[in-house]
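Enquirer:
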Amino acid sequence: METMTESMHQIAIKTKKETVSMRIITLVTLFFLPGTFISTIMSTDIVQYKISDNGKSQEIFQLGALQLYLAITLPLMFITFASWYGVYYWVDWKEKAKERVKRMRGGV
Numbered sequence: 003m004e005t006m007t008e009s010m011h012q013i014a015i016k017t018k019k020e021t022v023s024m025r026i027i028t029l030v031t032l033f034f035l036p037g038t039f040i041s042t043i044m045s046t047d048i049v050q051y052k053i054s055d056n057g058k059s060q061e062i063f064q065l066g067a068l069q070l071y072l073a074i075t076l077p078l079m080f081i082t083f084a085s086w087y088g089v090y091y092w093v094d095w096k097e098k099a100k101e102r103v104k105r106m107r108g109g110v
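Our numbering puts the first residue of the sequence shown at 3, with every later residue one more than the last.
In structure tokens form, the structure reads like this:
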């Protein structure tokens, strides 16, 4: 019986570590997703590299394009994080409410 308890404890520790890893992956994805989506739509011409008539490479920076990109991406990123935060805590709240009801009814 003691071996089984130790085994279950090890499984719980591994599950906790995997949960933390999945949250980190989720946060990184949520951070990059809005910017990637908007840059794909805009086909970002923020920085252009062209070869001029004399054969030299030329870099053109578009400040207006960068400002538009940031004006769209940053609020969208905020909305994405806020939505994730809201859904995460709403689901957590529902689970805790179920547990409270279960305890009130005499369950474990």
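Backbone N, C-alpha and C define an ideal beta-carbon position, used for all residues, glycine too.
Since we're looking at a predicted model, the values are computed, not measured.
(1) Within 10 angstroms of the Cβ of tyrosine 91, are there 16 or more other Cβ atoms? Answer buried if so, exposed if not.
(2) Pick helix, strand or coil for isoleucine 13, following the three-state DSSP scheme.
(3) With H, G and I counted as helix, E and B as strand and the rest as coil, what does DSSP make of lysine 98?
(4) Measuring only the C-alpha atoms, how far is tyrosine 51 from lysine 58?
(5) Whose C-beta lies closer than 6 Å to the C-beta of tryptophan 86 among residues of the same chain, with five residues either side of it excluded?
(6) With a Cβ-Cβ cutoff of 7 Å, do threonine 75 and glycine 37 count as a contact?
(7) In this structure, what does DSSP give as the bridge partners for serine 59?
Expert: A quick look at the data gives this:
(1) Here residue 91 corresponds to residue number 89 of the sequence shown, with the count starting at 1. Residue environment for tyrosine 91: exposed (fewer than 16 other C-beta atoms within 10 angstroms of its C-beta).
(2) To locate residue 13, count along the sequence shown from 1; it is residue 11. Correct three-state label for isoleucine 13: helix.
(3) By 1-based counting over the sequence shown, the position of residue 98 is 96. Shown here, lysine 98 sits in a helix according to DSSP, grouped into three states.
(4) Indexing the sequence shown from 1 puts residue 51 at position 49. Indexing the sequence shown from 1 puts residue 58 at position 56. If I take the Cα positions, the gap works out to 10 Å.
(5) Position 84 of the sequence shown, counted from the start, is the residue given in the question as residue 86. Excluding its 5 nearest sequence neighbours in each direction, tryptophan 86 has C-beta neighbours in its own chain below 6 Å: Leu32, listed in chain order.
(6) On the sequence shown, residue 75 is found 73 positions in, with the first residue counted as 1. On the sequence shown, residue 37 is found 35 positions in, with the first residue counted as 1. Yes, Cβ-Cβ distance for threonine 75 and glycine 37 is below 7 Å.
(7) Indexing the sequence shown from 1 puts residue 59 at position 57. Per DSSP, Ile53.
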